[in-house]
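Participant: If you're matching them up, the sequences are chains A and B in order. Throughout the first sequence, residue numbering follows the UniProt record's numbering, covering 1 to 247 in sequence. Throughout the second sequence, residue numbering follows the UniProt record's numbering, covering 1 to 247 in sequence. For each residue, glycine too, the CB sits at the ideal point set by N, CA and C. My questions will all concern the structure given below.
Protein chains: 2
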Amino acid sequence: MKRVKCTISYDGTHFSGYQIQPNQRTVQGLLEDTLSAIHKGERIRVTASGRTDAGVHAHGQVFHFDTPLTIPEEKWPVVLNTRLPDEVTIKNAQFVPEDFHARFSVKKKEYRYRVYTSESRSPFYRHFALHYPYKISVGEMKKAAVDLRGEHDFTSFCSAKTEVVDKVRNLHSITITEHEDEIVFSFIGNGFLYNMVRILVGTLLEVGSGNLRSEDMKKILDAKDRNQAGKTAPPHGLYLWKVDYED
Amino acid sequence: MKRVKCTISYDGTHFSGYQIQPNQRTVQGLLEDTLSAIHKGERIRVTASGRTDAGVHAHGQVFHFDTPLTIPEEKWPVVLNTRLPDEVTIKNAQFVPEDFHARFSVKKKEYRYRVYTSESRSPFYRHFALHYPYKISVGEMKKAAVDLRGEHDFTSFCSAKTEVVDKVRNLHSITITEHEDEIVFSFIGNGFLYNMVRILVGTLLEVGSGNLRSEDMKKILDAKDRNQAGKTAPPHGLYLWKVDYED
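The following block contains the structure:
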C-alpha cells in the first residue's frame, strides 16, 4: 500500500461543494468515482485538508488516498487528469509516509478572497470575484486587519451553526492588495472556523465602505457574538489557496 | 427615433458565436430578444462592429440600434443589464447621429489573445486562454511580428473559406507581453479577415516554439497561401478588445 498526497485546483462554480453528498455533484464524489474506476471498481476513499462550500474555489487544496497500485508518483497527475473534467486539475502528487494525514497534519492554510470593484459588472469575474462597485478605503481595511492578527477567540467571525467548541485560532497574517479594479485579501492561519474568512471579508468591507470604523474590529472580536460582525461574503470570491504541512 | 451605440462585453463560452442563427443561442439573438421585449414585441434589429465566432469573447464589442422610446442614454445600460444574463454586460450607451454605423464607421479594432503557459492546466483559464505548456521564446515572436506590421495582403493568414476579395489590411501594431504564466498578444488594425488573428497567433506560436524561424514570416506573407501559415489557434483565447470610430 502506498499513501499518495495530491495537490488539486478546482473551479467550484458547478459543484455542490467539496464534501461528498448523495445525488449531488461534489469534488470528493468525483475524485472517489475516478479513483474507484482506476482501481477496477474497488471503492477508494479520499481525505482532504478540509471542505469547501458550494461555489468556493481551490487553487491548492490537498487530499490523500491509499492505493495498492504500482503507478509511480509522477504518473498520478496524468492518470487522474485524463479522466477528470477540466474544472479540476491535479497539479502534483507524491508518496508520503502512512502517518501523513491531509487533515490532521495541516500546519497552516492560506485562503484568498477576490473583490472586483469596477462600476460595471464583468462577465469574466462573475464566478470568480465578488462584484463590489462602491467607494472603498483599502487603508481603513488594513488598519482594521491589525487587530485581527494573532490568537483570538473568533466566535464573532464564525457561523452560529458551527458545532466546534474551541473557537480560538491563530491568524498569522492578513494582507490586502489592490491592483487596478481588483482587491485581493489573503489570510494565513493555523486553522479556520466555518465561514470565518467570508465573515472576515464581509466585515472588512463594511469598514472599507465606512459603515464600520477600523476601531470597531476589536469590540466585535471581544463581543464573541456573530451578530456584531458584518455579512458573510458570497462564496464565489473565495479560494482555498495553499495548505502547508510544515511550519 | 434615436440611434443608440452600446459597448458590450461577453463571455463567449456558452454562445454559438455573435451572429443570429435559428435554434442557436447567440449574442445577437439574445440582444434582439431583449430589446424586442422592451419594445413590447416590436422586432428591434441590432448591428455590431462585426461577428465573433463561438467561444470567442468580447471585452469591448460595439453595436447600434434605433428606438422610438424616450429612455435617456445613461439609463440604457441598466435597462438592458437587468434583463440580460450575467455572461453579457452593457458597459456604456450613448446617442449617436443617424449616420453612425457600428460596422461601416469602424476606424480600427483591437483584438487580444491570451496564452497560459504553466505546465499544468488551470481550471480558471480553461475557457479564457489557450493552454500552451511548452518552452516558448517571446523574443523570437517579437522579431517575427515586425514583418507583419503595416499594410499587407494577408491571404496566408485568412481562412481559405473566406469570400472577401480584397485581402489587404493594415496592421498598425502587434504587441506581445509576458507576465508570470501568461502571454498576451494585442493586434490593432484597420480591419481583420476571417480567422486572421487566430492564424497569426498560431503561426507566431510556431515561431516561439522553434518550428518556424522569425525570418519565415515574410516568406509566408509573400506566398499568399493559407497552407504556408501555422494552425488556427482555438477560439477561447481570443477577445474582441476595443472598437474605435475615430482615427
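Looking at R114(A): is its Cβ nearer than 8 Å to the Cβ of E178(A)?
Facilitator: Not closer than 8 Å, so no.
Participant: So with Cβ pairs under 8 Å, would you call T89(A) a contact of chain B?
Facilitator: True, the Cβ-Cβ gap to chain B drops below 8 Å.
Participant: Shorter than 8 Å from the beta carbon of D86(B) to some beta carbon of chain A?
Facilitator: Interface residue, yes.
Participant: Could you confirm whether any beta carbon from chain C is found closer than 8 Å to the beta carbon of P72(B)?
Facilitator: Annotation note: the requested chain C is absent from the structure, which comprises protein chains A and B.
Participant: Would S29(B) and I20(B) be called neighbours here (beta carbons separated by less than 8 Å)?
Facilitator: Note on identity: in this sequence residue 29(B) is Gly, with Ser being the wrong assignment. Their beta carbons are under 8 Å apart, which means G29(B) touches I20(B) by this criterion.
Participant: T7(A): which of D222(A), S118(A), T47(A) sits nearest, CA to CA?
Facilitator: Checked all of D222(A), S118(A), T47(A); the closest Cα to T7(A) is T47(A).
Participant: Got a sec, what are the start and stop residues for the beta strand (DSSP E) D166(B) sits in?
Facilitator: First-last for D166(B): undefined, no H or E at that position.
Participant: Using a Cβ-Cβ cutoff of 7 Å, what residues of the segment 115-127 of chain B are near chain A? List them in chain order.
Facilitator: Result list: S120, R121, S122, P123, F124, R126.
Participant: N81(A) to S49(A), Cα distance in whole Å?
Facilitator: So the alpha carbons of these two residues sit roughly 20 Å apart.
Participant: For H14(A), is the classification buried or exposed, using 16 other Cβ atoms within 10 angstroms of its Cβ as the cut-off for buried?
Facilitator: Under this definition H14(A) is an exposed residue.
Participant: Can you give the beta carbon distance from V184(A) to Q61(A), rounded, assuming they're within the 8 Å contact cut?
Facilitator: V184(A) to Q61(A), Cβ: 18 Å. No contact.
Participant: Can you name the residues of chain A whose CB is closer than 7 Å to the CB of Y10(B)?
Facilitator: Here the neighbours are P123.
Participant: Hey, how far is the Cα of E246(B) from the Cα of L200(A)?
Facilitator: For E246(B) and L200(A), the distance between alpha carbons rounds to 47 Å.
Participant: Taking C-beta to C-beta, are I136(B) and G189(B) nearer than 8 Å?
Facilitator: No, the Cβ-Cβ distance between I136(B) and G189(B) is not below 8 Å.
Participant: With a threshold of 6 Å on Cβ separation, who are the neighbours of Y134(A) within its own chain once the five nearest residues in sequence on each side are excluded?
Facilitator: Within the same chain, Y134(A) has close Cβ partners S209.
Participant: Quick one: which unbroken alpha helix (DSSP H) runs of 4-plus residues sit fully inside the UniProt domain "Pseudouridine synthase I TruA alpha/beta" (144-246) of chain A? Chain order, please.
Facilitator: Whole alpha helix (DSSP H) segments, 4+ residues: 196-208, 216-223.
Participant: Could you tell me if residue 248(A) is buried or exposed, where buried requires 16 or more neighbouring beta carbons within 10 angstroms of its beta carbon?
Facilitator: Since the first and last residues shown for chain A are 1 and 247, residue 248(A) lies out of range.
Participant: Evaluate the contact criterion for the segment 217-232 of chain A versus the segment 142-160 of chain A: three or more CB pairs, one atom per stretch, below 8 Å.
Facilitator: Yes: the two stretches touch, three or more of their Cβ pairs being nearer than 8 Å.
Participant: Taking 8 Å as the threshold (C-beta atoms), are F124(A) and D53(B) in contact?
Facilitator: In this structure, F124(A) does not lie closer than 8 Å to D53(B) by Cβ.
Participant: Per DSSP, which residues does K108(A) bridge with? Please list them.
Facilitator: Answer is D244(A), bridged to K108(A).
Participant: Go ahead and pull the three-state DSSP assignment for K75(B).
Facilitator: Helix.
Participant: To the nearest angstrom, how far is the alpha carbon of A93(A) from that of E74(A)?
Facilitator: So the two alpha carbons sit approximately 6 Å from each other.
Participant: Going by the CB atoms, is the gap between V138(A) and I176(A) shorter than 8 Å?
Facilitator: Their beta carbons are under 8 Å apart, which means I176(A) touches V138(A) by this criterion.
Participant: So if DSSP puts Q21(A) in a beta bridge, which residue, or which two residues, is it bridged to?
Facilitator: According to DSSP, which records beta bridges pairwise, Q21(A) is partnered with nothing at all.
Participant: Can you tell which of L35(B), R149(B), R169(B) has the C-alpha that lies nearest to the C-alpha of D66(B)?
Facilitator: When each option's Cα is compared against that of D66(B), the closest is L35(B).
Participant: By the three-class DSSP mapping on this structure, what secondary structure does S9(A) have?
Facilitator: It is a strand residue.
Participant: Based on DSSP bridge pairs, tell me the residues matched to D66(A).
Facilitator: D66(A) is bridged to R3(A).
Participant: In or out: F104(B) buried (at least 16 other Cβ within 10 Å) or exposed?
Facilitator: Counting Cβ neighbours within 10 Å, F104(B) comes out exposed, since fewer than 16 surround it.
Participant: How big is the Cα-Cα spacing for S120(A) and R43(B)?
Facilitator: If I take the Cα positions, the gap works out to 27 Å.
Participant: What is the rounded straight-line gap between the Cα of K107(B) and the Cα of G150(B)?
Facilitator: Rounded to the nearest angstrom, the two C-alpha atoms are 15 Å apart.
Participant: Nearest-angstrom Cα distance between residue 248(B) and K161(B)?
Facilitator: Chain B is shown from 1 up to 247; residue 248(B) falls before or after that span and cannot be answered.
Participant: So the candidates are E215(B), L240(B), R198(B), Y239(B); which of them puts its Cα closest to the Cα of G230(B)?
Facilitator: Here the closest residue by C-alpha is R198(B).
Participant: Along the alpha helix (DSSP H) that carries A37(A), what are the first and last residues, could you check?
Facilitator: It spans 27-38 - the alpha helix (DSSP H) in which A37(A) sits, taken as one unbroken run.
Participant: Would you mind reading off the limits of the beta strand (DSSP E) that contains A93(B)?
Facilitator: Per DSSP, A93(B) belongs to the beta strand (DSSP E) from 88-96.
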